[in-house]
Amino acid sequence: MKLWVKLLVTFSILVVLSIPSFFVYTRFCIDVYQIQGDALIYKNIVYSRSDEFNHDEDLGNMIGIAKAGKRTATDYIWPIWVIEYKNDREHQRILLRGLMDTGTVYHKN
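In structure tokens:
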């Protein structure tokens, strides 16, 4: 078999396996934040909902997903993402964004 065919097959397998790997990682292996009313709770750290405007250019990496109560099938397909802001590694301010949502900012108490 030619080298380029082997490389193409190997690359195709990696692409196909990366899709379910990303799905499993983003749904089961990252931190889960609990939504309780206007509060967001993670490891006894409480974040309060803010009415401030979301600035997309300041967003950093996805750090978790949020859930309100028991997770349903739609929570696994379209989770509510918890996103940190750039240069804020202590997560004093985080953003929650759903599928068709502009985002809600939460501040650490």
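Numbers 36 to 144, taken from my numbering, label the letters of the sequence shown in order.
The C-beta atom is built at its ideal place from N, Cα and C for all residues, glycine as well.
Rounded separation between residue i and residue j - CA only
{"i": "residue 83", "j": "residue 49", "result": "41 Å"}
{"i": "residue 116", "j": "residue 87", "result": "18 Å"}
{"i": "residue 76", "j": "residue 51", "result": "35 Å"}
{"i": "residue 94", "j": "residue 133", "result": "15 Å"}
{"i": "residue 45", "j": "residue 111", "result": "29 Å"}
{"i": "residue 194", "j": "residue 56", "result": "Because the chain is modelled from 36 through 144, residue 194 falls outside the range shown and cannot be assessed."}
{"i": "residue 92", "j": "residue 58", "result": "25 Å"}
{"i": "residue 53", "j": "residue 36", "result": "25 Å"}
{"i": "residue 42", "j": "residue 122", "result": "39 Å"}
Nearest-angstrom Cβ-Cβ length linking residue i and residue j, presumed shorter than 8 Å
{"i": "residue 96", "j": "residue 119", "result": "6 Å"}
{"i": "residue 89", "j": "residue 138", "result": "4 Å"}
{"i": "residue 68", "j": "residue 99", "result": "5 Å"}
Same chain, Cβ closer than 6 Å to residue i, five either side skipped, listed in chain order
{"i": "residue 73", "result": "84"}
Sequence-distant residues of the same chain with beta carbon closer than 8 Å to residue i, five excluded per side
{"i": "residue 113", "result": "133 and 134"}
Cut-off 7 Å between Cβ atoms - residues of its own chain near residue i, not counting five sequence neighbours on either side
{"i": "residue 70", "result": "101, 102 and 103"}
{"i": "residue 150", "result": "Examination of residue 150 is not possible in this model, given that the chain is present from 36 through 144 alone."}
Give a yes or no on contact between the segment 46–63 and the segment 126–137, applying the rule of three or more CB pairs nearer than 8 Å.
no
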